[in-house]
Amino acid sequence: MSAPAAFTISRWTSTDRLDDILAMVHAAFAGFGPPSGVINETVADIAARQRNGIVLVAQSGSAFVGSVFCAPKGDGLDLTRLAAAPAWRKSGVARALLAAAEDEGRRIGAKRLTLRVRITLPGNLAYFKRAGFVVTGEGQDPGRTPYITMARALDPAA
Ligand SMILES: CC(C)(COP(=O)(O)OP(=O)(O)OC[C@H]1O[C@@H](n2cnc3c(N)ncnc32)[C@H](O)[C@@H]1OP(=O)(O)O)[C@@H](O)C(=O)NCCC(=O)NCCS
Numbered sequence: 144m145s146a147p148a149a150f151t152i153s154r155w156t157s158t159d160r161l162d163d164i165l166a167m168v169h170a171a172f173a174g175f176g177p178p179s180g181v182i183n184e185t186v187a188d189i190a191a192r193q194r195n196g197i198v199l200v201a202q203s204g205s206a207f208v209g210s211v212f213c214a215p216k217g218d219g220l221d222l223t224r225l226a227a228a229p230a231w232r233k234s235g236v237a238r239a240l241l242a243a244a245e246d247e248g249r250r251i252g253a254k255r256l257t258l259r260v261r262i263t264l265p266g267n268l269a270y271f272k273r274a275g276f277v278v279t280g281e282g283q284d285p286g287r288t289p290y291i292t293m294a295r296a297l298d299p300a301a
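As numbered in my numbering, residues 144 to 301 make up the sequence shown, in order.
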């Protein structure tokens with residue numbers, strides 16, 4: 144039996160290597176049709192996410208194998224662009240990122256984690272339902288793919 148692949152989760156606050164994080168995120172979201180808006184994002188967008196929220200990364204050694212962007216929104220912590228590098232799928236990377244986001248949410252006193260899922264990706268909807276998220280609504284930005292909003296309640300910090 145092989146040992147589980149090792150990775151660590153941390154908050155990325157450095158302005159170094161944002162290009163490497165961006166390349167991993169772009170690889171994770173490649174092939175979406177219509178394309179994800181993240182494909183047009185730049186290092187400056189990740190830097191803005193660091194200033195306005197929290198960038199969590201998963202690393203194997205120094206390589207980035209996953210990430211999620213978290214930002215306070217109302218009384219929740221909103222998660223965007225949850226990504227696992229293609230070679231690391233189904234290794235628990237996203238699950239570990241969600242657990243870390245939950246810790247961050249509790250730390251800032253957020254009542255829930257929130258996110259959006261493309262209506263055209265039922266696999267993702269199923270994934271987040273299994274991860275304890277419930278559907279809270281739906282919406283559509285002009286010219287964009289409709290989405291479903293989901294949330295997972297956070298208990299207060301113990
Ligand atoms: C969705 C995504 C982040 C999941 O990452 P991951 O690290 O592979 O997920 P995990 O390893 O934590 O998965 C945990 C479980 O969900 C399953 N799973 C993962 N993605 C799934 C999917 N799309 N559909 C159904 N099941 C899925 C895994 O098999 C695993 O099941 P298990 O616990 O029974 O073994 C990853 O597939 C990804 O980067 N996709 C492209 C970007 C994207 O769509 N992001 C979400 C935007 S809303």
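Note that the Cβ used here is the ideal one computed from N, Cα and C, for glycine as well. All figures in this text were calculated on a predicted structure; none of them were measured in a lab.
Task: Start and end residues, alpha helix (DSSP H) containing residue 264 - done: Unbroken run through residue 264: none, as it is neither H nor E.
Task: Reduced DSSP category for residue 164 - H, G, I as helix; E, B as strand; rest coil - done: Helix, per DSSP.
- [ ] Using three-state DSSP, classify residue 297 as helix, strand or coil.
- [x] If DSSP states are grouped into helix, strand and coil, residue 297 belongs with coil.
Task: Extent of the continuous alpha helix (DSSP H) run through residue 248 - done: Taken as a continuous stretch (DSSP letters only), the alpha helix (DSSP H) holding residue 248 covers 236 to 250.
TODO: For residue 205, count neighbouring Cβ atoms within 10 angstroms of its own Cβ and tell me buried if that reaches 16, exposed if not.
DONE: The residue is exposed, with fewer than 16 neighbouring Cβ atoms inside 10 Å.
TODO: Return the Cβ separation of residue 171 and residue 239 in integer angstroms, given the expectation that the two are a contact with Cβ distance under 8 Å.
DONE: For a cut-off of 8 Å, the C-beta gap from residue 171 to residue 239 is around 15 Å, too long to register as a contact.
Task: Cβ pair count under 8 Å reaching 3, the region 291 to 300 against the region 250 to 263 - done: The region 291 to 300, when compared against the region 250 to 263, does touch it at the 8 Å Cβ threshold.
Task: Inter-stretch contact at 8 Å, needing at least 3 Cβ pairs: the region 214 to 222 / the region 172 to 190 - done: In short, these stretches do not touch, since the Cβ pair count stays below three.
Open item on the list: Measuring only the C-alpha atoms, how far is residue 269 from residue 277?
Closed with: Annotation: residue 269 to residue 277 spans about 10 Å, alpha carbon to alpha carbon.
Task: Element boundaries [beta strand (DSSP E), containing residue 181] - done: First-last for residue 181: undefined, no H or E at that position.
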